[in-house]
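Residue numbers (the working numbering): 1142 to 1339.
Cβ coordinates follow ideal geometry from the N, Cα and C atoms, glycine included.
This one's a predicted model, so the numbers in the text were calculated from it and none came from an experiment.
Okay, so here's the structure we're looking at.
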C-alpha cells in the first residue's frame, strides 16, 4: 500500500463506469444507496482508497455474492439492481482485489514479530506524547492569556486631578447615585477624594 491508499485497477474502473452508465440510462431505478454510488464515483475517478474502505468493499461483495444467482444478473441490456451495484462497487475485479488486500493484511498481522509489535507500540506512544504535548501547550497558553488579561485589568489604576468641588459633586451625585451608575455601566471602581479642595 502506498501512503495515499490503495489504487483501484482498470477492471474496477470499467465496472464502476458501466454501473454509472446504466444509472444515466435510467436502468438503476431503486438500485443501491448513496454510499454505493459514492464508491462508484471514487472507482471511476481512480481515487486511492483507505484500508477501512477496502474492508467495507470486501464485506459488501461477501454479502452480495448471492445476487449473482438472481434474475438478470448477467443480462447487460437490462441488468438487475444487484448486478448494477455489484459493478458500482468494482465488480468481480473489485471483489478479487479487496479479498487479496484484506487477506494480506490479516497475514501481515499474524506474522508480526515481537520486535515489530514493540516498534508499533512505540510509534503509537510517541504520536500520543507529541499530541499531548501540543494540547498541553495550547491549554497553558490559553489559560495564561485569559488570566493575564484579568490580572492586568485588576491592577490598572488611573488618577485624574479634578480641581472643582462642583464637578466632584456632579460625578458623585445625590447620595452617590451617579458614581454607582458609572461603576455599574463601566465595570470600573471609581474613588473620588471628596475632601474639599483636595
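Same chain, Cβ closer than 8 Å to residue i, five either side skipped, listed in chain order
i            : result
residue 1167 : none
residue 1213 : 1219, 1220, 1221, 1224
residue 1365 : No answer is possible for residue 1365: the residues shown for the chain start at 1142 and end at 1339.
Where the alpha helix (DSSP H) through residue i begins and ends
i            : result
residue 1308 : 1306–1313
residue 1334 : Where residue 1334 is concerned, there is no enclosing alpha helix (DSSP H), given that its DSSP letter is neither H nor E.
residue 1202 : 1192–1205
residue 1176 : 1175–1186
residue 1239 : 1232–1251
residue 1228 : 1222–1229
residue 1300 : Here residue 1300 belongs to no alpha helix (DSSP H), and DSSP marks it neither H nor E.
residue 1319 : 1318–1327
residue 1164 : 1151–1165
Closest Cα partner of residue i within the set the options
i            : options                : result
residue 1217 : 1156, 1319, 1250       : 1156
residue 1200 : 1214, 1268, 1177, 1212 : 1177
residue 1232 : 1310, 1308, 1158, 1326 : 1158
residue 1194 : 1303, 1318, 1323, 1242 : 1242
residue 1298 : 1145, 1333, 1211, 1282 : 1333
Cα-Cα separation, residue i to residue j
i            : j            : result
residue 1208 : residue 1198 : 15 Å
residue 1192 : residue 1147 : 7 Å
residue 1169 : residue 1273 : 49 Å
residue 1138 : residue 1331 : Absent from the structure is residue 1138, since the part of the chain shown begins at 1142 and ends at 1339.
residue 1150 : residue 1271 : 37 Å
residue 1278 : residue 1314 : 49 Å
residue 1142 : residue 1239 : Note that residue 1142 scores a pLDDT of 49, beneath 50, so its modelled location is shaky; the value from the coordinates is reported in the next line. Looking at the two C-alpha atoms, the distance is approximately 12 Å.
residue 1174 : residue 1246 : 28 Å
residue 1328 : residue 1320 : 11 Å
residue 1179 : residue 1145 : 19 Å
residue 1284 : residue 1326 : 27 Å
residue 1324 : residue 1264 : 57 Å
residue 1275 : residue 1259 : 24 Å
residue 1188 : residue 1262 : 30 Å
residue 1280 : residue 1249 : 40 Å
residue 1311 : residue 1282 : 44 Å
residue 1316 : residue 1301 : 22 Å
residue 1266 : residue 1215 : 51 Å
residue 1244 : residue 1190 : 16 Å
Other residues of its chain near residue i: CB distance less than 6 Å, five sequence neighbours each side excluded
i            : result
residue 1202 : 1236
residue 1160 : 1181, 1225, 1228, 1229
residue 1172 : 1222, 1225, 1226
residue 1153 : 1184, 1231, 1234, 1235
residue 1205 : none
Contact set for residue i: own chain, Cβ-Cβ below 7 Å, skip 5 residues either direction
i            : result
residue 1163 : 1169, 1220, 1225
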